[in-house]
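Remarks on the structure that follows.
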Amino acid sequence: MPHSVPSSPKSTPKNGGNGLTKFTNCRVLKGDKLVDEDLWVNSVTGKVVRSQAAFYDDLCLPDETINLGGRILSPGFIECQLNGAFGFNFSTSLEPAVYAKKIKEVNKQLVKTGVTSYMPTITSQRSELYKSALPFLGPSGDYQVAEDGAESLGAHVEGPFLNPTKNGIHSVDVLREAQSFEDLVDCYGLSNITTDETGRPSSIKMITAAPELGQMTRLIPELTSRGVIYSIGHSEATYEEASAAIAAGATMITHLFNAMRPLHHRNPGIFGVLGIAESLPRPYFGIIADGEHLHPTTIKIAFNSHPDGFILVTDAMHMVGLPDGAYEWTNGDCTSHIVKKGPKLILEGSDKIAGSSITLIECVSNFLKWTGASIPQALRAVTTTPAAMLGLQGLKGCLDNGADADMVVLSESQTNDGLDLVVDEVWKFGTKVFSRQT
Amino acid sequence: MRLIIRDDSESASSYVANYIISRIKHFNPTTAHPFVLGLPTGSSPLGVYRILVEKYKAGEISFENVVTFNMDEYIGIPRDHPESYHSFMWKHFFSHVNVNPNHVHILDGNAPNLEAECVEYEAKIKRAGGIDLFLGGIGEDGHIAFNEPGSSLASRTRVKTLAYDTILANSRFFGNDLDKVPKMALTVGVQTVLEAREVVVVILGARKALALQKCIEQGVNHMWTLSSLQLHPHPMIVCDEDATLELQVKTVKYFKSIEKVAQTQGFEQILPSKLRTGASPVPQTVVDEVQSPNILAPQPVTSRFLQASPAAEYPVRSVSPDLVPDRMADRVGIPNISRRLTPQPEQQRVASVASVGA
Numbered sequence: 001m002p003h004s005v006p007s008s009p010k011s012t013p014k015n016g017g018n019g020l021t022k023f024t025n026c027r028v029l030k031g032d033k034l035v036d037e038d039l040w041v042n043s044v045t046g047k048v049v050r051s052q053a054a055f056y057d058d059l060c061l062p063d064e065t066i067n068l069g070g071r072i073l074s075p076g077f078i079e080c081q082l083n084g085a086f087g088f089n090f091s092t093s094l095e096p097a098v099y100a101k102k103i104k105e106v107n108k109q110l111v112k113t114g115v116t117s118y119m120p121t122i123t124s125q126r127s128e129l130y131k132s133a134l135p136f137l138g139p140s141g142d143y144q145v146a147e148d149g150a151e152s153l154g155a156h157v158e159g160p161f162l163n164p165t166k167n168g169i170h171s172v173d174v175l176r177e178a179q180s181f182e183d184l185v186d187c188y189g190l191s192n193i194t195t196d197e198t199g200r201p202s203s204i205k206m207i208t209a210a211p212e213l214g215q216m217t218r219l220i221p222e223l224t225s226r227g228v229i230y231s232i233g234h235s236e237a238t239y240e241e242a243s244a245a246i247a248a249g250a251t252m253i254t255h256l257f258n259a260m261r262p263l264h265h266r267n268p269g270i271f272g273v274l275g276i277a278e279s280l281p282r283p284y285f286g287i288i289a290d291g292e293h294l295h296p297t298t299i300k301i302a303f304n305s306h307p308d309g310f311i312l313v314t315d316a317m318h319m320v321g322l323p324d325g326a327y328e329w330t331n332g333d334c335t336s337h338i339v340k341k342g343p344k345l346i347l348e349g350s351d352k353i354a355g356s357s358i359t360l361i362e363c364v365s366n367f368l369k370w371t372g373a374s375i376p377q378a379l380r381a382v383t384t385t386p387a388a389m390l391g392l393q394g395l396k397g398c399l400d401n402g403a404d405a406d407m408v409v410l411s412e413s414q415t416n417d418g419l420d421l422v423v424d425e426v427w428k429f430g431t432k433v434f435s436r437q438t
Numbered sequence: 001m002r003l004i005i006r007d008d009s010e011s012a013s014s015y016v017a018n019y020i021i022s023r024i025k026h027f028n029p030t031t032a033h034p035f036v037l038g039l040p041t042g043s044s045p046l047g048v049y050r051i052l053v054e055k056y057k058a059g060e061i062s063f064e065n066v067v068t069f070n071m072d073e074y075i076g077i078p079r080d081h082p083e084s085y086h087s088f089m090w091k092h093f094f095s096h097v098n099v100n101p102n103h104v105h106i107l108d109g110n111a112p113n114l115e116a117e118c119v120e121y122e123a124k125i126k127r128a129g130g131i132d133l134f135l136g137g138i139g140e141d142g143h144i145a146f147n148e149p150g151s152s153l154a155s156r157t158r159v160k161t162l163a164y165d166t167i168l169a170n171s172r173f174f175g176n177d178l179d180k181v182p183k184m185a186l187t188v189g190v191q192t193v194l195e196a197r198e199v200v201v202v203i204l205g206a207r208k209a210l211a212l213q214k215c216i217e218q219g220v221n222h223m224w225t226l227s228s229l230q231l232h233p234h235p236m237i238v239c240d241e242d243a244t245l246e247l248q249v250k251t252v253k254y255f256k257s258i259e260k261v262a263q264t265q266g267f268e269q270i271l272p273s274k275l276r277t278g279a280s281p282v283p284q285t286v287v288d289e290v291q292s293p294n295i296l297a298p299q300p301v302t303s304r305f306l307q308a309s310p311a312a313e314y315p316v317r318s319v320s321p322d323l324v325p326d327r328m329a330d331r332v333g334i335p336n337i338s339r340r341l342t343p344q345p346e347q348q349r350v351a352s353v354a355s356v357g358a
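Same order as they appear, the protein sequences are chains A and B. Read the first sequence against UniProt numbering and you will find it ends at 438, with the numbers running on by one and no gaps. Read the second sequence against UniProt numbering and you will find it ends at 358, with the numbers running on by one and no gaps.
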């Protein structure tokens, strides 16, 4: 695991302390429950500490004890599909130094929304853009310190091996088919899709592609053997084709129901693989709970069909956090505009939904209101489940001993239409990086 | 012996917790002069720990200058096993209060040399100046710490085989699988407990009623090791009504009346002031020399027990002079007669004293 490589100190404790912080009087998300437990974190190692061992072995007491007054302590949120934020679109071609600077700014802003790690997502683009942008989007955990903010878990490339009939707002001109692994290398660049000799993981962590195009289904084992996750999406796949992709190693579905065939009773399509069918493992799936992409009841059906695979994603564009208006958007060859009206994003001159501009915590609150799910169930969809999808269980998305000390302090506020969760504090690698002004 | 009877387990636990807090406060411990507290595990003291934690969180007490010694620990299960006594203490007490980890002492059931661990534990207690207050609970068979029935009342910290009843009782914590229950433990000895300057035992529930009866109304008996408390100068047992089921009505009424009368007189049985502030020296047993006993060289079971009075605050009674028989030769009045006796009795005496002291 690249993330478990011992890394440099995540912060330097003040006043010569040991960097230990103890949270008390809090409800910690553990499995399916919120449990009344203390939690110890170490800001030097950036990890959750086995408190009993710290006490008996290291004879340590925490530098600081924080009474959370009964609030929720959740693992930091993991976002699997984020196209950009705070005015910066990951799918842009810029000078390397400028691009790197923009990423740093986004990381610092993004962490304030409770997202402590994420997968920067690049839409269907020309090969040159992948090659210039991807080197900056690889997993940053080992090099990241607390003050850097949110960390990348690796890039998500959504395209360009998509079905032109399910392109959504992706430019049809840049879409292509893959016949061999060389086609993928040709598109993304060899260094971005393979682990280099130093063992540094590839920039790309996940690929969304249509399995029915070219030889894509046959290429899935080639990807998974390199540690890249294959996600079905923007696809016309039938139930049979989707099942074949799952059998070949696909473990994820990108924004379920959107940009794919709907459920038909004679051919359940991609959604059908969530049934326990063909004796295949059921994949994880992303759900956009913004009230635009999906009807609340659809979300409820998807959740109940496979709760353990349910992942909330925003698919947010760089307009998230910006005022209403028309914003420029690089789309393959051409530049078009996306009109932002509140949380709605529409491609200019059409009625197509152009991603969202919602934050992950809003998705969690929506999900709570619409489905009557419990708070642990909702939080799992942005913590434990995406971590498991990425093979990072025990390290991210949980607060077990030895996990990364990425945490969100949440308070509940009762509104007219249900419960809202509010991000009060965000902690990265055991250090507080955001505190809400009240 | 003080026996404090409360209506239910909650108020009994509360009494003990408040008593400990008042003892610590009155003691006014400092870094150089810490309060040394002996601690038990098990179900009986749970309520006491809970109340102590509540009082700590309410800011009523600090454990900063409290040194703790635990009674016992299993052998052969990992220290962080959920049923280990390290885990118990962490979960119910240490993780919630400000006890300094350097002040915490628990026997290490995984020590490479268990015997050395036991000897060292006794030494640590001595270095800490002895235990000011040993809190304890008991088993249904009247065991204090893991001093099962039949344990020597002069025992010290050592390896102990658990009684079958105790293993059975503990199996509920190990998935009812007898094979997983530890069969051995390290435990402080009866004598170790008795050398504490004060012993407080909490006994709750009907299941413990017979043990309480044996310890209060019967004589000192190694089959009910708690009964050894009768030999301690300052023991106190706190129990709930259920635990008194086997006691005679007379006994219960007697102890209740004492407490009541004392209260109406505005007087409560309290420790001598020297003990309460901890200024007194470590209680010494009056035996010439206490050899730290161990498994290979156990202390002989003598009447040491009755001499082992830690009551240093009492005036030490002058001992009657030893009988030194004079010699008939002295009375006969024949000079030079003693020269005929070999060896010389005076020299003989000196030599024998020297050999005893060696």
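A virtual CB, placed ideally from N, CA and C, is assigned to each residue, including glycine. Since we're looking at a predicted model, the values are computed, not measured.
In this structure, the straight-line span from the alpha carbon of V426/A to that of Q81/A is close to 20 Å.
With a 10 Å radius around the Cβ and a threshold of 16 neighbouring Cβ atoms, K352/A comes out exposed. The stretch 352-364 of chain A makes contact with the stretch 302-318 of chain A, as at least three CB pairs between them are under 8 Å.
Where E182/A is concerned, the enclosing alpha helix (DSSP H) starts and stops at F181 to Y188.
In the DSSP secondary-structure assignment, L347/A is bridged to I338/A. In the three-state DSSP reduction, D7/B falls in the coil class, being neither helix nor strand.
M236/B: member of the beta strand (DSSP E) spanning P235 to D240, first to last residue. Sequence-distant partners of T254/A (beyond 5 residues in either direction) whose C-beta falls short of 6 Å from its own C-beta, in its chain, are T208, S231, G233 and G286.
Distances from the CA of L312/A to each of R380/A, D333/A, E348/A and I220/A were compared; the closest alpha carbon is that of R380/A. Under the three-state reduction of DSSP, I361/A is assigned to helix. Taking C-beta separations shorter than 7 Å and ignoring five residues to either side along the sequence, the partners of E217/B in its chain run L247, Q248 and T251, following chain order. In this structure, the beta-carbon distance from A247/A to C363/A does not fall below 8 Å. With the criterion set as a beta carbon lying under 9 Å from some beta carbon of chain A, the members of the stretch 61-87 of chain B are R79, D80, H86 and S87, in sequence order. Not a single CB atom of chain B sits nearer than 8 Å to the CB of Y118/A. Contact between T187/B and F146/B holds, with the beta-carbon distance rounding to 4 Å and staying under 8 Å. Residue K160/B holds the alpha-carbon nearest to the alpha-carbon of L114/B among F94/B, K160/B and P149/B. For Q52/A, the nearest CB of chain B lies under 8 Å from its own CB, placing it at the interface with that chain. Between the stretch 199-218 of chain B and the stretch 229-246 of chain B, the count of C-beta pairs closer than 8 Å reaches three or more; the two stretches touch. Here S413/A has D420 and V422 as same chain residues with Cβ atoms under 6 Å from its own Cβ, once five neighbours each way along the sequence are excluded. Beta-bridge partners of Y118/A (DSSP): E79/A and S152/A. DSSP places M206/A in no alpha helix (DSSP H) but in the uninterrupted beta strand (DSSP E) bounded by I204 to A209. Distance between G402/A and L213/A, taken at the CA atoms: about 42 Å.
Shown in chain order are the members of the stretch 28-45 of chain A whose Cβ falls below 7 Å from a Cβ of chain B: D38. In the pairwise beta carbon analysis, the stretch 36-46 of chain B is classified as touching the stretch 120-140 of chain B: at least three pairs are separated by under 8 Å.
Secondary structure within the stretch 149-190 of chain B: the beta strand (DSSP E) runs of 3 or more consecutive residues, fully enclosed, are 158-161 and 184-187 (chain order). Against chain A, a Cβ distance below 7 Å from N102/B picks out L59. Closest in C-alpha terms to D38/A, from the list A373/A, G31/A and T21/A, comes T21/A. A check of alpha carbon separations from A150/A across E95/A, A242/A and V408/A identifies V408/A as the nearest.
When the beta-carbon positions are compared, S74/A and L345/A stay at least 8 Å from each other. Separation of the CB atoms of T157/B and G139/B is rounded to 18 Å, and the pair is thereby denied contact status at 8 Å. Contact with chain B is absent for Y130/A, since none of that chain's Cβ atoms lies less than 8 Å from the residue's Cβ. For N89/A, the closest of K102/A, L190/A, Q144/A and R27/A by C-alpha to C-alpha distance is K102/A. Taking V16/B as reference, the option from K25/B, H26/B and I4/B with the minimal CA-CA separation is I4/B.
When L59/A, Q52/A, L274/A and T123/A are compared, the shortest CA-CA separation from H92/B is found for Q52/A.
In terms of beta-carbon proximity, F93/B stays away from the interface with chain A, with every pair separated by 8 Å or more. Here R282/A really is in contact with H306/A; their C-beta atoms are around 5 Å apart, less than 8 Å.
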